Every structure is written in C-alpha cells, then in structure tokens.
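Participant: Residue numbers (the UniProt record's numbering): 1 to 315. So that we are looking at the same thing, I have put the structure below in structure tokens.
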Ligand SMILES: NC(=O)C1=CN([C@@H]2O[C@H](COP(=O)(O)OP(=O)(O)OC[C@H]3O[C@@H](n4cnc5c(N)ncnc54)[C@H](O)[C@@H]3O)[C@@H](O)[C@H]2O)C=CC1
Ligand SMILES: O=C(O)C(=O)Cc1ccc(O)cc1
C-alpha cells in the first residue's frame, strides 16, 4: 500500500467498497468521509443529511464525491451504508432507506448504544442485506460537518456487535473498513457493549452534565467565578458537558437499563465517600484515591489515555 497524503494511515491501492453511503453529516459522518476518500476505502463516497444547510455546508467543504438530495438516492447502489445519525434516528432512517438498499449491501451504524439500534433497525432489513453494527469509541465534544477530521479513528477502538449467525464476510469487510481508518476492532454482543459503555462513557458524560449544571445553579458562585477558577478538574467537565444535546439525550433514553444500573452502583460508592468525609475517615479516602490513581496510571502505561483533540488534528 502507498503511504497516504495525510500520512495518518496507509492509502489503499484498490478501494474496499465501490460505493459508500453516509447518512448524517455530523462529526462522525464527516470524519468517515474525510478518511474514506483520502485512504481510498471506497471508490465513491456519497453523503446525505436531512438538514438542507448541512448538505450545503458539506458541499462547500468538498466532503466525499457527492452530496445526495435524499437518503434513498444516497444509498442506491451502495455497497456499504453507514448511519451516522443520533441513536434514536437509526430505526426511522432504516425504514426510509430499506426499499432502496441493494441485495448484498452491508448496512452499518456508529451509534453509541447498540442493543436498541439493533432492535430498531433489524425489522426493516430487506432480504440479502447484512447489518453489522459498529461503534467507534472516538469523538469530541464538537458536532456538525465542520467538526470532522480524518485521523479521528486512528488508534481508537471500534466495537462491532454483529448478531449471532451474521455473515462472516460482511463482518470481515466492516472490520477491514475500520482498520483501514486506523481503528482497532473488537467484537462483542450488543448487550455487553451497552453495559461496558454505560460505565466508561455514558455515566461520565451524565456526571459532567450534572456537575456543570450544579455549579451554574449555585447562587453564591457567580458566572464569572466559575469561569475564573475553572483551570482544574471543572474545566475538563465543561468540555464534556458541551457535547451535543440531541445525541446525548438519545444515548440516555436508549441505554436506560445499563445506565440506571451503573448509576445505582455509583450512588452507593459515592455514599461511602460522603460518609468518610462526614466522619473524618481519612484512611478510607486515601485508600480509595490510591486505587483510582493506580487505575489511571495503568491506562497511561497501556497508551490508552485520550490525547487532547487538538493533538489529533491535522492542519
Ligand atoms: N460525537 C461523538 O463523539 C460520537 C458519536 N457517536 C455516535 O455517532 C452518531 C452521530 O453523532 P455525531 O456525528 O456526533 O452527531 P452530529 O450531531 O454531529 O451529526 C448528526 C447529523 O445527523 C443528522 N440527522 C439527524 N437525523 C437525521 C435523519 N433522520 N436523516 C438524516 N440525517 C439526520 C443531523 O442533521 C446531523 O447533521 C450518534 O449516534 C452518536 O451516538 C459515536 C462515537 C463518538
Ligand atoms: O469527547 C470525548 O471525551 C468522548 O468521550 C467522545 C465520545 C463520545 C461518545 C462516544 O460514543 C464515544 C466517544
């Protein structure tokens, strides 16, 4: 394979798919479009978004090879179709495009929740179309067509959750596609995915949304003081809490059981820390903070700490 112009992953000599259709031109859809075109992962990259101004912006940015005027037109004759819309929109979009999908096509998505997406999409799958759900565990707090960049998936996990009995060739092609963008692919069930992501991603976002709201609500802490003294941990929370409201509303509505389970455990652990503070139990606090410090150091040693978005961006 020849080195790519962007040098973040090798460019393929022959495309993996003839035609790739991307529905939803936000952070993830535009990042895939950048990477797939630059790395020759598809001969033709066609995009569609239901918002006319997003389609217009995508044209101005030169995303993919073509911006279609309808979802059906985008997916017609496509070999690989990726739904890059909020989790709650995957079912309705699958219903909208079902009759235009060609036999042999591979349908996929990038939703942060998998079980509800599988349940919503599967009933609309036409005969001969394989569904291979995917979740790139890579993103930023930004959204929209301007937010995407080609190296977003480099050295990031991408979790595939195919149903039992799914076509191995479709799974292999989807794996190759994500590996082609530099991702590291892992396969697991949709339910397991949802449980793991509830604690590693969904709960942290909920905590960030909550703490930033709490700080803002405190009458004694004026807006300017919140900004002035936000150099520490609070600043990291404000970045996460700036994430897209529609996307995250859908995540919590569609991963309700797993998030409530993790929230229950979180509240119990928080009660232990609360008690330790109330009764001056420094030992409990010190032991807990030592354990969490070791966890962070373990992640850093594995090279899996999240680089800041800016470090990933190419000029
Ligand atoms: N933002 C992130 O960091 C990550 C997001 N994801 C998942 O990727 C998906 C997309 O997220 P983003 O790209 O961040 O969102 P985004 O908000 O940047 O873009 C979503 C786009 O979908 C379009 N859309 C909504 N409903 C539609 C419909 N019915 N038909 C056509 N277009 C429609 C919107 O107009 C918007 O342009 C979500 O399911 C999210 O859970 C996965 C990994 C990371
Ligand atoms: O910006 C961050 O810190 C993220 O955590 C991005 C992210 C958001 C949602 C996902 O499903 C995966 C990754």
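Idealized CB from N, CA, C, for every residue including glycine. Computed from a predicted model, the values in this text were never measured in an experiment.
What would DSSP say about residue 75, mapped onto helix, strand or coil?
Facilitator: Of the three classes helix, strand and coil, the one that applies to residue 75 here is helix, per DSSP.
Participant: Check residue 298 in the structure and name its three-state DSSP category.
Facilitator: Residue 298 falls in the helix class under three-state DSSP.
Participant: So, with DSSP's three-state summary, where would you put residue 225?
Facilitator: Helix at residue 225.
Participant: Using 10 angstroms around the beta-carbon of residue 286, count the other beta-carbons present and answer buried if the total reaches 16, otherwise exposed.
Facilitator: By the 10 Å Cβ count, residue 286 comes out exposed.
Participant: Heavy atom of ligand 1 less than 7 Å from the Cβ of residue 181, yes or no?
Facilitator: Residue 181: no, Cβ never under 7 Å from ligand 1.
Participant: Residues bridged to residue 141 by DSSP?
Facilitator: According to DSSP, which records beta bridges pairwise, residue 141 is partnered with nothing at all.
Participant: Please list, in chain order, all residues of the same chain as residue 152 whose beta carbon is under 6 Å from its beta carbon, the five residues on each side excluded.
Facilitator: The residues are 31 and 138.
Participant: Run the CB neighbour count on residue 18, radius 10 Å, all protein chains shown included, and call it buried at 16 or more, exposed below.
Facilitator: Answer is exposed; the Cβ neighbour count stays below 16.
Participant: Exposed or buried, what is residue 225 when buried is set at 16 or more other beta-carbons lying within 10 Å of its beta-carbon?
Facilitator: With fewer than 16 Cβ atoms within 10 Å of its Cβ, residue 225 is classed as exposed.
Participant: Count the other CB atoms, across all protein chains shown, that sit within 10 Å of the CB of residue 282; report buried if there are 16 or more and exposed otherwise.
Facilitator: Answer is exposed; the Cβ neighbour count stays below 16.
Participant: For residue 96, tell me which candidate among 123, 177 and 256 has the shortest Cα-Cα distance.
Facilitator: Residue 123 is the option with its Cα nearest to residue 96.
Participant: Is residue 167 closer than 8 Å to residue 114 when the C-beta atoms are compared?
Facilitator: Result no, Cβ atoms of residue 114 and residue 167 do not sit closer than 8 Å.
Participant: Comparing the CB of residue 246 with every heavy atom of ligand 2, is any distance shorter than 7 Å?
Facilitator: Residue 246 Cβ: outside cutoff for every heavy atom of ligand 2.
Participant: Which full runs of the beta strand (DSSP E) of 3+ residues lie inside the stretch 154–178, going along the chain?
Facilitator: Listed in chain order, the complete beta strand (DSSP E) runs (minimum 3 residues) inside the stretch 154–178 are 157–160.
Participant: Measure from the alpha carbon of residue 198 to the alpha carbon of each residue in 99, 105, 111 and 262, then state which is nearest.
Facilitator: Checked all of 99, 105, 111 and 262; the closest Cα to residue 198 is 262.
Participant: Under the three-state reduction of DSSP, which class applies to residue 207: helix, strand or coil?
Facilitator: Helix, per DSSP.
Participant: Can you name the residues that DSSP bridges to residue 108?
Facilitator: DSSP lists 82 as partners of residue 108.
Participant: By a C-beta neighbour count over all protein chains shown, 10 Å radius and 16 as the cutoff for buried, is residue 86 buried or exposed?
Facilitator: Buried, since its Cβ has 16 or more Cβ neighbours within 10 Å.
Participant: So which of 303, 8, 204 and 266 has the shortest CA-CA distance to residue 150?
Facilitator: For the residues 303, 8, 204 and 266, the minimum Cα distance to residue 150 belongs to 8.
Participant: Where does residue 172 land, buried or exposed, given buried means 16+ other C-beta within 10 angstroms?
Facilitator: Classification of residue 172: exposed, given that the 10 Å Cβ count is below 16.
Participant: Helix or strand or just coil, what does DSSP make of residue 65?
Facilitator: DSSP places residue 65 in coil when its eight states are reduced to three.
Participant: Whose C-beta lies closer than 7 Å to the C-beta of residue 131 among residues of the same chain, with five residues either side of it excluded?
Facilitator: Only 107, 121, 122 and 125 meet the Cβ criterion.
Participant: Would you mind sorting residue 299 into buried or exposed? The rule is 16 or more other CB atoms within 10 Å of its CB.
Facilitator: Its Cβ having fewer than 16 others within 10 Å, residue 299 is exposed.
Participant: In terms of alpha-carbon separation, which member of 82, 33 and 91 lies closest to residue 65?
Facilitator: Answer by Cα proximity: 33.
Participant: Where does residue 52 sit, in a helix, a strand or coil, going by DSSP?
Facilitator: The answer is helix: DSSP assigns residue 52 an H, G or I state.
Participant: Just the Cα atoms here: how many angstroms apart are residue 16 and residue 39?
Facilitator: Distance between the alpha carbons of residue 16 and residue 39 is about 10 Å.
Participant: Just checking, does the stretch 268–279 make contact with the stretch 250–260 on the three C-beta pairs under 8 Å criterion?
Facilitator: Segments in contact, no.
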